[in-house]
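*Asks:* Residue numbers (the numbering used here): 20 to 449. Glycine residues also receive a C-beta, built at the ideal position from the N, C-alpha and C atoms. My questions all concern the structure below.
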Ligand SMILES: *Cc1c(COP(=O)(O)O)cnc(C)c1O
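As structure tokens, this is what we get:
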């Protein structure tokens with residue numbers, strides 16, 4: 020299979036090239052050149068998720084240099100469970116947060132880590148990933164790439180702008196992971212990353228790449244879990260489920276649209292957002308108007324310029340077909356708090372602020388079968404959730420182990436020379 024740019028079908032790359040490049044040369048995002056109709060009989064009832072993902076993703080890896088390793092990648096990357104909880108007679112919750120950093124991003128980041136490390140190995144290269152983070156992405160990437168021998172990771176996070184627990188999860192690493200606290204805001208970290216890609220010292224000394232959600236290797240596992248859980252639901256109930264996917268950058272939900280395109284039994288897809296309502300406005304007015312993000316309780320969805328919308332747009336290029344296939348609702352902080360409280364009282368089920376946007380919209384929708392996606396473990400947002408449910412949340416063992424490790428990081432101002440100097444002091448391995 021070849022992969023093409025969302026902006027120009029004539030820009031074609033193999034899968035491994037698309038993974039290595041991240042972004043297409045014209046600034047577009049890579050998407051599969053087509054979505055083959057799936058033959059559901061290739062899947063068995065007792066396939067584990069990693070066996071299922073291997074069968075499905077083989078279609079996209081065909082003829083690529085990585086194809087012979089795909090089975091190993093799936094076994095290694097998806098070594099934690101995906102849990103479907105029944106909430107009531109027509110609602111399930113798909114918990115995607117049982118990976119090492121307790122959010123769905125573990126699926127994509129771990130799969131990307133396997134792919135990039137192997138690409139480096141085959142081509143006798145070494146990559147340096149540089150990533151700016153305000154929370155979930157950085158910890159998923161750090162954990163996924165930890166001790167991968169062909170890839171170093173530099174994480175820039177804004178000093179004093181993240182929670183203590185988030186900071187712990189970004190700085191509890193060593194070996195090939197370098198965490199740097201930047202005296203500034205998230206946007207300052209992001210602009211350091213952007214300028215590194217154009218800076219002569221970096222281009223002369225490192226092969227830089229990114230690990231953000233535009234990478235096609237992060238998208239493929241997300242398609243796989245929607246395909247898998249829709250098929251489980253179909254076998255059990257003989258009906259198609261709809262998915263409610265709390266969204267920010269729309270990468271997670273784009274995976275669900277791809278699974279639906281292939282013919283997996285998905286009825287419809289709804290994408291609630293927090294107060295950042297670019298998509299709601301776009302659907303209403305037909306005009307795409309990106310803007311600065313607003314800070315909310317569901318901070319991993321605080322995105323004002325959602326890049327993966329381009330992949331959904333690519334499927335439904337006319338506003339009419341977009342409106343027919345895409346539903347979004349904006350949920351403000353007040354409603355998020357109310358919903359966490361209400362869901363706890365009604366079902367004794369504790370949810371994170373992101374997942375709360377999903378439960379909120381379910382009650383506005385017709386009483387069909389719905390699967391609400393739980394994107395993060397509430398324990399990561401304990402400062403918000405504990406006071407609402409008036410209960411102390413239990414810290415699971417593997418999280419406690421990470422929290423108990425010492426914090427290791429360097430501190431710099433928003434200054435390229437300081438970042439480069441760290442390298443000379445041995446802060447960043449050469
Ligand atoms: C990243 C993230 C989201 C948003 O996912 P997108 O793919 O950006 O739409 C939602 N919830 C949590 C917990 C996240 O970490």
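Give, in chain order, every unbroken run of the beta strand (DSSP E) that is at least 3 residues long and sits entirely within the region 122-169.
*Replies:* Counting whole runs of 3 or more residues, the region 122-169 contains the beta strand (DSSP E) stretches 146-151.
*Asks:* With residue 244 and residue 262 assumed to form a contact (beta carbons below 8 angstroms), what rounded beta-carbon distance in angstroms separates them?
*Replies:* Between residue 262 and residue 244 the Cβ distance is about 10 angstroms, and since that is not below 8 angstroms, they are no contact.
*Asks:* Pick out whichever of 132, 426, 119 and 311 has its Cα sitting closest to the Cα of residue 88.
*Replies:* It is 132 whose Cα lies nearest to the Cα of residue 88.
*Asks:* Go through the region 208-285 residue by residue and report every complete run of the alpha helix (DSSP H) that reaches 4 residues or more, in order.
*Replies:* Listed in chain order, they are 219-224, 235-256 and 270-280.
*Asks:* Give the straight-line distance between the Cα atoms of residue 39 and residue 367, rounded to the nearest whole angstrom.
*Replies:* The alpha-carbon atoms of residue 39 and residue 367 are separated by roughly 44 angstroms.
*Asks:* Check whether the Cβ of residue 269 sits closer than 8 angstroms to any heavy atom of ligand 1, and report yes or no.
*Replies:* Residue 269: yes, Cβ under 8 angstroms from ligand 1.
*Asks:* If you draw a straight line from the alpha carbon of residue 358 to that of residue 233, how long is it in whole angstroms?
*Replies:* If you take the alpha carbons of residue 358 and residue 233, they lie about 31 angstroms apart.
*Asks:* Decide if the region 204-216 is in contact with the region 65-74; the criterion is three or more beta carbon pairs, one per stretch, under 8 angstroms apart.
*Replies:* Output reads no: the region 65-74 does not touch the region 204-216.
*Asks:* Give the straight-line distance between the Cα atoms of residue 101 and residue 139, rounded to the nearest whole angstrom.
*Replies:* In a straight line, the C-alpha of residue 101 is about 29 angstroms away from that of residue 139.
*Asks:* Could you pull out every unbroken beta strand (DSSP E) segment of at least 3 residues lying fully inside the region 370-447, listed in chain order?
*Replies:* Whole beta strand (DSSP E) segments, 3+ residues: 389-393 and 429-432.
*Asks:* Go ahead and label residue 448 buried or exposed: buried means 16 or more other beta carbons lie within 10 angstroms of its beta carbon, across all protein chains shown.
*Replies:* Only weak support exists for where residue 448 lies, its pLDDT of 49 falling under 50; the value from the coordinates is given anyway. Exposed is the call here.
*Asks:* Please classify residue 82 as buried or exposed, where buried requires at least 16 other C-beta atoms within 10 Å of its C-beta.
*Replies:* Residue 82 comes out exposed.
*Asks:* Just the Cα atoms here: how many angstroms apart are residue 74 and residue 61?
*Replies:* Residue 74 and residue 61: Cα-Cα distance of roughly 8 angstroms.
*Asks:* Over what stretch of residues does the alpha helix (DSSP H) that includes residue 90 continue unbroken?
*Replies:* Note, residue 90: alpha helix (DSSP H), 89-96.
*Asks:* Under the rule that 16 or more other beta-carbon atoms within 10 Å means buried, what is residue 220, buried or exposed?
*Replies:* Exposed.
*Asks:* Helix or strand or just coil, what does DSSP make of residue 102?
*Replies:* It is a strand residue.
*Asks:* For residue 137, which residues of its own chain have a beta-carbon under 7 angstroms away from its beta-carbon, when the five flanking residues on both sides are left out?
*Replies:* Closer than 7 angstroms at the Cβ level, and outside the excluded window around residue 137, lie 85 and 88.
*Asks:* Report the three-state DSSP secondary structure of residue 29 (helix, strand or coil).
*Replies:* In this structure, residue 29 counts as coil in the three-state DSSP scheme.
*Asks:* Sorry if obvious, but does the Cβ on residue 208 come closer than 8 angstroms to a heavy atom of ligand 1?
*Replies:* Checking the Cβ of residue 208 against ligand 1 gives no.
*Asks:* Taking the alpha carbon of residue 323 as the reference point, which residue from 373, 171, 59 and 309 has its own alpha carbon closest?
*Replies:* Nearest option by C-alpha distance: 309.
*Asks:* Taking only three categories from DSSP, how would you classify residue 107?
*Replies:* Residue state, collapsed to three classes: strand.
*Asks:* Can you tell me the Cα-Cα spacing of residue 428 and residue 157, whole angstroms?
*Replies:* Roughly 13 angstroms separates the two Cα atoms.
*Asks:* Terminal residues of the continuous alpha helix (DSSP H) containing residue 190?
*Replies:* From DSSP, the alpha helix (DSSP H) with residue 190 extends over 183-190.
*Asks:* Could you say which of 290, 174, 258 and 407 lies nearest to residue 388 if we only look at CA atoms?
*Replies:* Answer by Cα proximity: 258.
*Asks:* Would you mind sorting residue 185 into buried or exposed? The rule is 16 or more other CB atoms within 10 Å of its CB.
*Replies:* With 16 or more other Cβ atoms within 10 Å, it is buried.
*Asks:* Should residue 53 be labelled buried (16 or more other beta-carbon atoms within 10 Å of its own) or exposed?
*Replies:* Its Cβ having fewer than 16 others within 10 Å, residue 53 is exposed.
*Asks:* With respect to 8 angstroms, is the separation between the Cβ of residue 123 and the closest non-hydrogen atom of ligand 1 below this value?
*Replies:* Residue 123 Cβ: within cutoff of ligand 1.
*Asks:* For residue 371, verify whether its CB is less than 8 angstroms away from any heavy atom of ligand 1.
*Replies:* For ligand 1, at least one heavy atom lies less than 8 angstroms from the Cβ of residue 371.
*Asks:* Comparing alpha-carbon positions, which option in 25, 128, 21 and 127 lies nearest residue 33?
*Replies:* Per the Cα distances, 21.
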